[in-house]
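Encoded as structure tokens, the structure appears first; notes follow it.
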Amino acid sequence: MKKTPGGKGGNGGERTGGKAVGEALREAYDEAIGEAIPAEMLDLLKKLD
Numbered sequence: 567m568k569k570t571p572g573g574k575g576g577n578g579g580e581r582t583g584g585k586a587v588g589e590a591l592r593e594a595y596d597e598a599i600g601e602a603i604p605a606e607m608l609d610l611l612k613k614l615d
């Protein structure tokens, strides 16, 4: 694990939870890109053409 450089900010110790946060963000992203685009949004996009 990385330590905070120069003792500025954070708790000065090892970073905790970084891996868990990254995994949670990847999971949320994967769920978001798997969702269907709402019909209202598609209608608005068609009006731009």
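Everything in the sequence shown is counted per this note's numbering, starting at 567 for the first residue and increasing by one.
Idealized CB from N, CA, C, for every residue including glycine.
Here the structure is a predicted model, which is why all the values come from computation and not from measurement.
Next item on the list: Could you check the C-alpha separation between K613 and A598 for me, to the nearest Å?
Entry: Cα atoms of K613 and A598: separation of roughly 24 Å, rounded to the nearest angstrom.
Notebook entry, point to check: Roughly how many whole angstroms lie between the Cα atoms of G588 and P604?
Noted result: So the two alpha carbons sit approximately 28 Å from each other.
Item checked: Helix, strand or coil at E601 according to DSSP, with G and I counted as helix -> coil
Check: Where does G583 fall in DSSP's three states?
Finding: coil
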